[in-house]
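Undergrad:
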Amino acid sequence: MSWIILVWLAIVGTGALIVLDFCGKLPLTRFWFQWIYLAVAPHAVMCCYLAYPALQRHGSGRTAAVLLLASFCLLVVYVGFRLHFAPWIRRKSDTFRLRAMLRGRALILLGIYALLVQIPLCIAECILLPRRGTPPYILAADVALAALAVVLLLANGVLRILFTSRRLSVWRRVLILLTIWVPLINLTVLLYCCRVVLDEYDHECYKVVNRSARVDSDLCRTRYPLVLVHGVGFRDLKYFNYWGRIPKELIRNGATVYYGHQEAWGTIEANAAEMKENILEILRETGCEKVNIIAHSKGGLDSRYLISALGMGDRVASLTTMSTPHRGSLVIDKLLRLPDGFFRWLAKGVNAYFRRLGDHDPDFYHAVRQFSTPFAAGFNRSVPDRPEVFYQSYTSVMGGLFSDSLLCFPYSVVKAVEGENDGLVSIESAKWGEFRGVFHNRCRRGISHGDIIDLKREDYRGFDVVETYVQIVSDLKKRGF
Numbered sequence: 000m001s002w003i004i005l006v007w008l009a010i011v012g013t014g015a016l017i018v019l020d021f022c023g024k025l026p027l028t029r030f031w032f033q034w035i036y037l038a039v040a041p042h043a044v045m046c047c048y049l050a051y052p053a054l055q056r057h058g059s060g061r062t063a064a065v066l067l068l069a070s071f072c073l074l075v076v077y078v079g080f081r082l083h084f085a086p087w088i089r090r091k092s093d094t095f096r097l098r099a100m101l102r103g104r105a106l107i108l109l110g111i112y113a114l115l116v117q118i119p120l121c122i123a124e125c126i127l128l129p130r131r132g133t134p135p136y137i138l139a140a141d142v143a144l145a146a147l148a149v150v151l152l153l154a155n156g157v158l159r160i161l162f163t164s165r166r167l168s169v170w171r172r173v174l175i176l177l178t179i180w181v182p183l184i185n186l187t188v189l190l191y192c193c194r195v196v197l198d199e200y201d202h203e204c205y206k207v208v209n210r211s212a213r214v215d216s217d218l219c220r221t222r223y224p225l226v227l228v229h230g231v232g233f234r235d236l237k238y239f240n241y242w243g244r245i246p247k248e249l250i251r252n253g254a255t256v257y258y259g260h261q262e263a264w265g266t267i268e269a270n271a272a273e274m275k276e277n278i279l280e281i282l283r284e285t286g287c288e289k290v291n292i293i294a295h296s297k298g299g300l301d302s303r304y305l306i307s308a309l310g311m312g313d314r315v316a317s318l319t320t321m322s323t324p325h326r327g328s329l330v331i332d333k334l335l336r337l338p339d340g341f342f343r344w345l346a347k348g349v350n351a352y353f354r355r356l357g358d359h360d361p362d363f364y365h366a367v368r369q370f371s372t373p374f375a376a377g378f379n380r381s382v383p384d385r386p387e388v389f390y391q392s393y394t395s396v397m398g399g400l401f402s403d404s405l406l407c408f409p410y411s412v413v414k415a416v417e418g419e420n421d422g423l424v425s426i427e428s429a430k431w432g433e434f435r436g437v438f439h440n441r442c443r444r445g446i447s448h449g450d451i452i453d454l455k456r457e458d459y460r461g462f463d464v465v466e467t468y469v470q471i472v473s474d475l476k477k478r479g480f
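Numbering (numbering that gives the first Met the number 0), first residue to last: 0 to 480.
(1) Measuring alpha carbon to alpha carbon, tell me which of D20, E457, G461 and L218 ends up nearest G243.
(2) Counting Cβ pairs closer than 8 Å, one from the region 346-362 and one from the region 431-443, do we hit at least three?
(3) Should the region 420-430 be regarded as contacting the region 311-327, the criterion being three or more beta carbon pairs within less than 8 Å?
(4) Just to confirm the assignment, what range does the beta strand (DSSP E) spanning G436 have?
(5) So which of N350, I107, Y468 and S70 has the shortest CA-CA distance to A15?
(6) Looking at the unbroken beta strand (DSSP E) that takes in M321, where does it start and where does it end?
(7) Which first and last residues belong to the alpha helix (DSSP H) in which N277 is found?
(8) Using the Cβ count rule (16 or more neighbours within 10 Å means buried), how would you classify P224?
(9) Within the same chain, show all residues whose beta-carbon is closer than 6 Å to that of R104, passing over the 5 residues directly before and after it, in chain order.
(10) Could you give the distance in angstroms between the alpha-carbon of F30 and the alpha-carbon of L109?
(11) What is the residue span of the alpha helix (DSSP H) that F408 lies within?
(12) Tell me whether L114 sits in a helix, a strand or coil according to DSSP, three-state version.
(13) Reducing DSSP to helix, strand and coil, say where A69 ends up.
(14) Just verifying my parser: in three-state terms, what is the DSSP assignment at F389?
(15) Quick check for students: name the residue ranges of the beta strand (DSSP E) that lie wholly in the region 217-247, counting only runs of 3 or more.
(16) What does a CB cutoff of less than 6 Å around I250 pick up in its chain, not counting 5 residues either side in sequence?
(17) Taking the alpha-carbon positions, what's the Y352 to V181 distance?
(18) Are the region 465-476 and the region 362-379 touching, with three or more C-beta to C-beta distances below 8 Å?
(19) Closer than 8 Å by C-beta to L144: which residues in its own chain qualify, once you throw out the five before and the five after it? Chain order, please.
(20) Span of the alpha helix (DSSP H) holding A154?
(21) Around the Cβ of R102, are there at least 16 other Cβ atoms within 10 angstroms (buried) or fewer (exposed)?
(22) For G568, list the residues DSSP reports as bridge partners.
(23) Grouping DSSP H, G and I as helix and E and B as strand, with all else coil, what is L97?
(24) Could you check what DSSP says for I179 in three-state terms: helix, strand or coil?
(25) Do the CB positions of R460 and D198 come within less than 8 Å of each other?
(26) Thinking C-beta only, is Y258 closer than 8 Å to I452?
(27) Going straight from the alpha carbon of I331 to that of N420, what length do you get?
(28) Going by CA-CA distance only, name the one from S307, V349, C47 and T178 that's closest to E262.
(29) Helix, strand or coil: how does DSSP classify A375 here?
(30) Taking the alpha carbon of L279 as the point to measure from, which residue in R303, P52, M311 and R368 has its own alpha carbon closest?
(31) Given a cut-off of 8 Å, decide if R81 and T163 are closer than it, judged by their beta-carbon atoms.
(32) Between the region 394-412 and the region 440-449, do three or more beta carbon pairs fall short of 8 Å?
(33) In this structure, what does DSSP give as the bridge partners for S425?
(34) State the Cα-Cα distance for the pair E284 and G327, rounded to the nearest angstrom.
(35) Would you call the CB atoms of G286 and G230 closer than 8 Å?
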């Protein structure tokens, strides 16, 4: 009779634990319980094998023993399910994606813990239990279950991170999938994933808090509208924004944003003339007297010519240049040593391609030559700054040769001759007007010529490109522009 009571207590107790956990009154996913669970539950086969005869010897009977062990197995399965699919700690500042991603990190850490615990346990089990007459198939099943438990934890965690993290580039995801099977190396890879996730989670939560605090914000509501001017080789397209996530955030914070809409491979003179018509249309549309221009790369040269040579000084309040080669680029000087016939042949192909993309009069041959240092020297003498316009400049630097695979060659050329650069433009060449500084991040990667306009739509440790532009525009507002 006492065994019947014990069986019913076990069944009712198991049910009560499941119900209390489901209602959130007694969570079975607390860390201390997970640690105990991951040490014991993977050996459920061996626990049942050893407990079954012991229960029968004490007179519980076959049915009672089966019911007790079934209750134990039910609890193991339920907690295992909850472990893999439990909701993570919720903050007001996170989202479902962030919670899923952070839970992936937790599962990886639990998987590593389970691996470190199960290896000595399985070794001891394989040495000691055969001496007691344990059948090999029971031992094999138990070790297989322990290995499966560890693999499922790690696989769930890695898949969550691969599908939810935005900081992992495609090639890093491929590298993780290729190296995750290599012993010892996989531990390094897993810990790297955990670090990336924690950085991304903190960064994204910070952004959510900022956005919540800025609801209906006018932080970027400048006196004059913004005109974003792209660099060479790109156009202002409808479905691919040259400036990435930046314009959307500026608009969210109250900015009025327009674009230069100049050609991808137009000369400085041609692009400036086209921008002049666009800006005059913007002024008619908004009723404002002036605009603020933020220009990247060659867009800064187009804008300076617009202001000084086309009489738009009284229509532009400020010019902010980002990584603009005001003093030319030594990379172009090197390339211009190639045969002229080759350049003209290349220009013919590039011009034909960009005509199909919408350029009316692309001029690759002359546009490239306007990046040379001799041209820049003459340009700076003939296009002086207008005193009524506020000029400021920013730039960035790459951390090393392989910080950006597309810019490794030009980076090495500029580095050898001019020193630190962003892959195309040196720090000294980027300085114009009031130089506001060089953008870095906390990693050795640095910030490249494309990163400064959010070209890859990626976040980097210690540098938030979107927030950087919010602060730049906010500063323009404080200055009265």
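No residue lacks a Cβ here, since even glycine has one placed at the ideal position from N, Cα and C.
TA: Checking against the coordinates, here is how it stands:
(1) E457
(2) no
(3) yes
(4) E433 to F438
(5) S70
(6) V315 to M321
(7) I267 to T285
(8) buried
(9) C193 and V196
(10) 9 Å
(11) C407 to E417
(12) helix
(13) helix
(14) strand
(15) 225-228
(16) V256
(17) 45 Å
(18) no
(19) P41, H42, A43 and V44
(20) P135 to T163
(21) buried
(22) Absent from the model: residue 568. The displayed extent of the chain is 0 to 480, so no value can be given.
(23) helix
(24) coil
(25) yes
(26) no
(27) 14 Å
(28) V349
(29) helix
(30) M311
(31) no
(32) yes
(33) N420
(34) 35 Å
(35) no
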